[in-house]
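Numbering (our numbering), first residue to last: 30 to 319. The beta carbon of each residue, even a glycine, is placed where N, CA and C say it ideally should be. These numbers come from a predicted model, not from an experiment. Single-structure report; data block below.
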Ligand code: NAP
């Protein structure tokens, strides 16, 4: 069997297309959806991600304000900027690009973002609402993008066993909650660095979502025949043959496509969906102000 490609680029394009009408309606009422993206320091990967987010805003007619701060910026300065963005009624979404420099407390800073502008969905109010399955929450973009992609491809989750590898607050944990929630109805196991018998856990799963950050950690031999594999991981691996000197690989061996029924490519799988869901959250936040 060769797995079908779970094409995040195509799904993201469909999400963007569907957003256009909603954005027009906002504009008709005088509201210009507006995302503020704050980046601190010079992490090259973060700058690539921010660039993709700003370009998506440009494609869709969402206004973006891009704030770049030096790596030595103090936490107090960033607190002041967050307060200003919270108080600016023309801004609907605030995104603080992760990771922040180590002298900053990322969680404490996330807590300062107005939950109605928290388009990353990481504020405790939004994560709490997610646990309660409330409709008035902004859902973290990456796990929400995974759910949207599964739905778009017609992949059933109801009654299936799902293994989420990784338990971060931005991907693994919300992913597990979404897969287990009413409507999705999967039976979910969450694995992490202390999990024993990872291979066995994996071999039992109808759906595997890998969000670890370790290149090719999940082996082809761990994947059950016909399983759905979603590879969230984006890892830079040195490659002298590549013009950039590195290539991007996922957390799952590429050859897993020989046993899976569906698999996301890296790049071009979950990444574009994360950006599309950010656009959707920004539009949703703007609509709430109408
Ligand atoms: P993270 O916060 O570092 O979390 C990684 C998780 O993996 C942790 O829960 C950790 O377990 C677990 N882990 C580490 N080593 C493990 C092992 N040997 N076996 C099993 N579990 C292990 O990372 P993240 O933010 O969730 O991101 C994960 C990956 O997804 C990264 O490659 C990141 O770049 C990528 N990502 C991609 C997108 C996208 O749009 N495609 C978006 C976000 C993230 P412990 O909790 O026990 O430490």
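Taking only the alpha-carbon atoms, compute the straight-line gap between residue 256 and residue 201 and give it to the nearest angstrom.
Counting from 1 along the chain shown, the entry for residue 256 is found at position 227. Counting from 1 along the chain shown, the entry for residue 201 is found at position 172. When only Cα atoms are considered, residue 256 and residue 201 end up about 19 Å apart.
I need the straight-line Cα distance from residue 49 to residue 79, nearest angstrom please.
Residue 49 sits at position 20 when you count from the first residue of the chain shown. Residue 79 sits at position 50 when you count from the first residue of the chain shown. When rounded, the distance between both Cα atoms is 21 Å.
Assuming residue 82 and residue 312 make a contact with CB atoms under 8 Å, what is their CB distance in whole Å?
Translated into positions along the chain shown, residue 82 becomes position 53. Translated into positions along the chain shown, residue 312 becomes position 283. About 14 Å separates the beta carbons of residue 82 and residue 312, which is beyond the 8 Å limit, so they are not a contact pair.
CB contact flag (residue 280, residue 239, <8 Å):
Position 251 of the chain shown, counted from the start, is the residue given in the question as residue 280. Position 210 of the chain shown, counted from the start, is the residue given in the question as residue 239. Contact flag set, yes.
Can residue 262 be considered in contact with the ligand NAP, in the sense that its beta carbon sits closer than 7 Å to one or more heavy atoms?
Against the chain shown, residue 262 aligns to sequence position 233. Checking every heavy atom of the ligand NAP against the Cβ of residue 262, one is found closer than 7 Å.
What's the C-alpha gap between residue 39 and residue 123?
Position 10 of the chain shown, counted from the start, is the residue given in the question as residue 39. Position 94 of the chain shown, counted from the start, is the residue given in the question as residue 123. The alpha-carbon separation between residue 39 and residue 123 amounts to approximately 26 Å.
Can you list, in chain order, the stretches of the beta strand (DSSP E) that have 3 or more residues and sit fully within the region 249-306?
For the beta strand (DSSP E) assignment, the uninterrupted runs of no fewer than 3 residues enclosed by the region 249-306 are, from N- to C-terminal side, 257-260, 264-267, 275-278.
Looking at residue 227 and the ligand NAP, is the gap between the Cβ and the nearest heavy atom below 7 Å?
In the chain shown, the residue the question calls residue 227 occupies position 198. It does: the Cβ of residue 227 is within 7 Å (strictly closer) of some heavy atom of the ligand NAP.
Can you tell me the Cα-Cα spacing of residue 213 and residue 160, whole angstroms?
Taking the chain shown and counting its residues from 1, one reaches residue 213 at position 184. Taking the chain shown and counting its residues from 1, one reaches residue 160 at position 131. About 14 Å.
Please look up how many angstroms separate the CB atoms of residue 247 and residue 237, rounded, as I've assumed it's under 8 Å.
Working through the chain shown from its first residue, we reach residue 247 at position 218. Working through the chain shown from its first residue, we reach residue 237 at position 208. Correct: roughly 7 Å between the Cβ atoms.
Cβ neighbour criterion (16 or more within 10 Å) applied to residue 208:
Here residue 208 corresponds to residue number 179 of the chain shown, with the count starting at 1. It is buried - the Cβ of residue 208 has at least 16 other Cβ atoms within 10 Å.
Alpha helix (DSSP H) containing residue 83: first to last residue?
For the purposes of this step, residue 83 is taken as residue 54 along the chain shown, with counting starting at 1. Looking at the DSSP string, the run of the alpha helix (DSSP H) that includes residue 83 is 73-89.
Just to confirm my understanding: we take residue 224, look at its own chain, exclude 5 residues before and 5 after, and list those with CB closer than 7 Å. What are they?
Your numbering for residue 224 matches position 195 in the chain shown. Answer for residue 224: 230, listed in chain order.
Do you know whose CA, among 221, 142, 90, lies nearest residue 57's CA?
Walking along the chain shown from the start, residue 57 turns up at place 28. Nearest to residue 57 by C-alpha distance, out of 221, 142, 90, is 90.
Classify residue 138 as helix, strand or coil using the three-state DSSP reduction.
Start at 1 with the first residue of the chain shown, and residue 138 comes out as number 109. Residue 138: helix per DSSP, three-state reduction.
Cβ separation of residue 285 and residue 55, assumed to be a contact under 8 Å, to the nearest whole Å
In the chain shown, residue 285 corresponds to position 256, counting from 1. In the chain shown, residue 55 corresponds to position 26, counting from 1. Going by Cβ atoms, the distance from residue 285 to residue 55 rounds to 41 Å, so no, they are not a contact pair.
Applying the 10 Å Cβ sphere with the 16-neighbour rule, what's the burial state of residue 53?
By 1-based counting over the chain shown, the position of residue 53 is 24. Flag for residue 53 reads exposed.
Within this structure, are the beta carbons of residue 294 and residue 264 separated by less than 8 Å?
Within the chain shown, the letter at position 265 stands for residue 294. Within the chain shown, the letter at position 235 stands for residue 264. Their beta carbons are not under 8 Å apart, which means residue 294 does not touch residue 264 by this criterion.
Taking 8 Å as the cut-off, decide whether the C-beta atoms of residue 217 and residue 261 are in contact.
Numbered from 1 along the chain shown, position 188 holds the residue referred to as residue 217. Numbered from 1 along the chain shown, position 232 holds the residue referred to as residue 261. With a cutoff of 8 Å on beta-carbon distance, residue 217 and residue 261 are scored as not near each other.
Could you please give me the residues that DSSP links to residue 124 through a beta bridge?
Locating residue 124 in the chain shown gives position 95, where the first residue counts as 1. 66, per the DSSP bridge assignment.
Going by DSSP, which residues form a beta bridge with residue 326?
The structure shown has nothing for residue 326, since the chain only spans 30 to 319.
Nearest candidate by alpha-carbon position, reference residue 72, set 47, 98, 234:
For this step, residue 72 is matched to residue 43 along the chain shown. Taking only the C-alpha atoms, the option nearest residue 72 is 98.
State buried or exposed for residue 62, treating a residue as buried only when at least 16 other CB atoms are found within 10 Å of its CB.
Counting from one through the chain shown, the residue named residue 62 turns up at place 33. Around the beta-carbon of residue 62, 16 or more other beta-carbon atoms lie within 10 Å, marking it buried.
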